[in-house]
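Numbering (the UniProt record's numbering), first residue to last: 1 to 494.
C-beta atoms are modelled at their ideal positions from N, C-alpha and C, and glycine is treated no differently.
Keep in mind the model is a prediction, meaning the values are calculated, not measured.
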């Protein structure tokens with residue numbers, strides 16, 4: 001507070017951030033999120049153009065000695081770690097106003113966003129993510145570090161869909177064998193009973209948290225979640241949770257081992273890696289990015305991938321994926337299929353020929369990546385026609401609008417946070433929604449984004465599609481609102 005009793009205005013973060021020790025300069029970009037004392041932004045190093053995640057903490061929040069000590073400990077622990085499944089630590093520095101921690105950028109966000117979209121995952125996916133997590137935790141424990149805040153929101157995903165453990169704000173180092181920490185800390189749905197009971201805790205609290213993570217990935221919700229904090233803590237203390245019958249016996253057994261009330265009876269990270277659930281079932285070597293919105297395709301009987309690479313499907317167009325009304329799936333080809341599907345396949349051939357002759361092709365030259373054979377091609381969730389356009393909403397959240405009058409199209413992808421515009425000359429360009437929000441766009445694209453926002457709002461009001469359209473609505477709303485405020489012709493967006 002100032003001498004006049006008025007609150008001093010908060011200083012805005014600079015657009016250009018300089019590390020005076022190394023001489024490196026970073027350009028502040030997209031806001032990624034906030035938590036605790038920190039705000040996170042994309043920071044681009046001016047020379048190499050490498051994009052990092054910048055964790056920025058105002059010094060006005062670090063006035064008390066214990067706050068400074070906590071920040072110093074987080075930096076000291078994180079910078080001492082170097083592992084494939086731990087968020088990379090690049091450097092840290094400070095200026096007069098802030099402390100800056102420069103970290104590896106994980107562009108696919110976290111397992112929390114995946115959980116919100118997908119809820120329960122398949123067992124092969126769960127094994128895949130758990131294996132990454134376990135290797136990271138094993139490294140932490142080998143370095144005598146307890147994370148103490150393992151949860152879906154702190155498990156980040158890079159472009160290769162690899163799990164990276166992040167946020168070491170509550171982490172601590174064990175100084176001697178048998179040391180028991182006393183601090184009450186953690187996130188309610190993942191906190192171990194020995195922390196709540198103040199009996200002292202050690203590495204076993206991370207094992208408990210991984211049990212909660214395993215349960216959440218397989219079931220779709222945390223094991224002890226209730227409407228109130230008090231009830232959640234009571235259930236944790238009493239070890240009250242229920243494993244649904246749909247969870248396999250080996251998975252249920254592992255959950256019970258990890259959530260054992262006695263910390264001394266919980267397995268180590270290495271013992272979990274050797275558990276029946278982890279070694280007896282199929283684990284993909286890599287997952288496609290499509291699993292962020294849709295389950296991969298696994299053979300239900302053998303738990304092995306059987307599908308040919310996506311590139312063959314796109315270029316040759318010979319395979320058929322047929323989904324019945326009860327969601328049962330079948331895979332055929334254009335030449336071998338049940339007689340009962342004859343009319344449908346005939347209609348499919350008609351549309352295929354029409355599309356080959358009249359529609360713009362894209363993506364045929366893309367090289368397949370390992371894991372693409374597991375990808376599930378999105379299907380049409382719903383469509384409707386207006387006087388101006390046809391609106392197509394796919395199962396992966398993508399929204400496409402084909403305008404009748406001038407045959408232009410826009411494609412909104414909430415996962416990429418981007419819009420593709422195909423003009424009258426069939427030229428297509430893709431723009432990040434964040435850049436449109438910041439710099440504006442052409443009048444043609446702006447008018448179509450406004451129309452898209454109106455159509456998305458119409459879909460959201462329909463109860464049957466409210467959940468699935470929400471992510472598309474959020475993605476388009478920001479760009480549409482920005483377009484309605486400011487229509488500019490600037491650089492590549494002109």
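Candidates the options: which alpha carbon is nearest residue i's?
i: residue 123; options: 92, 279, 84; result: 279
i: residue 32; options: 50, 11, 56; result: 56
i: residue 85; options: 272, 179, 204, 160; result: 160
i: residue 247; options: 214, 397, 96; result: 214
i: residue 282; options: 298, 292, 274, 293; result: 298
i: residue 449; options: 461, 403, 426, 344; result: 403
i: residue 379; options: 395, 387, 388, 428; result: 395
i: residue 163; options: 431, 328, 285, 358; result: 285
i: residue 350; options: 239, 427, 334, 15; result: 334
i: residue 158; options: 81, 289, 117, 376; result: 289
i: residue 153; options: 106, 253, 72; result: 106
i: residue 534; options: 330, 81, 102, 186; result: Because residue 534 is not part of the residues shown, which for the chain are 1 to 494, the question remains open.
i: residue 15; options: 338, 460, 44; result: 44
i: residue 386; options: 459, 427, 198; result: 459
i: residue 445; options: 422, 461, 23; result: 422
i: residue 148; options: 203, 34, 345; result: 203
i: residue 34; options: 83, 167, 69; result: 167
i: residue 407; options: 185, 291, 358; result: 358
i: residue 67; options: 376, 193, 89, 38; result: 38
i: residue 244; options: 238, 236, 237, 253; result: 253
i: residue 409; options: 194, 418, 426, 415; result: 426
i: residue 48; options: 62, 326, 26; result: 26
i: residue 178; options: 200, 184, 193; result: 200
Below 6 Å CB to CB, which residues in the same chain sit around residue i once its five sequence neighbours on both sides are set aside?
i: residue 411; result: 400, 420
i: residue 332; result: 320
i: residue 232; result: 188, 224, 226
i: residue 58; result: 98
i: residue 42; result: 29, 30, 51
i: residue 151; result: 187, 190
i: residue 12; result: none
Give me the DSSP bridge partner(s) of residue i.
i: residue 344; result: DSSP lists no partner for residue 344.
i: residue 83; result: Note: residue 83 sits in no beta bridge, so no partner.
i: residue 89; result: 103
i: residue 40; result: 33, 55
i: residue 418; result: 413, 432
i: residue 329; result: 323
i: residue 335; result: DSSP output for residue 335 lists no bridge partner at all.
i: residue 18; result: 25
i: residue 145; result: 173
i: residue 98; result: 58
i: residue 110; result: 156
i: residue 525; result: Outside the displayed range of the chain (1 to 494) lies residue 525, so it cannot be described from this structure.
i: residue 201; result: 181
Apart from the five residues just before and just after residue i, which ones in its own chain have a Cβ nearer than 7 Å to its Cβ?
i: residue 36; result: 169
i: residue 250; result: 276, 277, 280
i: residue 287; result: 125, 128, 161, 296, 371, 374
i: residue 100; result: 17, 54, 56, 92, 93, 94
i: residue 303; result: Below a pLDDT of 50, predicted positions are generally treated as unreliable, and residue 303, at 45, falls in that range; the measurement from the model is reported next regardless. Around residue 303: 124, 281, 282.
i: residue 270; result: 138
With a CB to CB cut of under 8 Å and the five nearest residues on each side skipped, what residues in its chain are close to residue i?
i: residue 383; result: 390, 391, 392, 393
i: residue 300; result: Note that residue 300 scores a pLDDT of 42, beneath 50, so its modelled location is shaky and nothing firm can be said.
Examine the ligand GTP and report whether any of its heavy atoms sits within less than 7 Å of the Cβ of residue i.
i: residue 421; result: Among the components modelled here there is no ligand, and therefore nothing to report on the ligand GTP.
Between residue i and chain B, is the shortest Cβ-Cβ distance under 8 Å, so that the two count as touching?
i: residue 30; result: In summary, chain B is missing from the structure at hand, where a single protein chain is found.
Just checking, does the segment 192-212 make contact with the segment 247-267 on the three C-beta pairs under 8 Å criterion? yes
Threshold first: 3 residues or longer. Then list the beta strand (DSSP E) segments lying entirely within the segment 366-410, N to C. 380-385, 389-394, 399-403
Counting pairs of Cβ atoms below 8 Å between the segment 105-116 and the segment 170-186, do you hit three or more? no
Quick one: any contact between the segment 444-456 and the segment 49-66, if contact means 3 or more CB pairs under 8 Å? no
For the segment 131-142 against the segment 215-224, do three or more pairs of beta-carbon atoms, one drawn from each stretch, fall closer than 8 Å, so that the two count as touching? no
Considering only residues of the segment 149-180, which uninterrupted alpha helix (DSSP H) runs meet the minimum length of 4 residues and lie entirely inside it, listed in chain order? none
Within the segment 238-293, note down every full alpha helix (DSSP H) run reaching 4 residues or more, in order along the chain. 249-258, 269-273, 276-280
Can you confirm whether the segment 73-82 touches the segment 142-150 when touching is taken to mean that 3 or more C-beta pairs between the two stretches lie within less than 8 Å? yes
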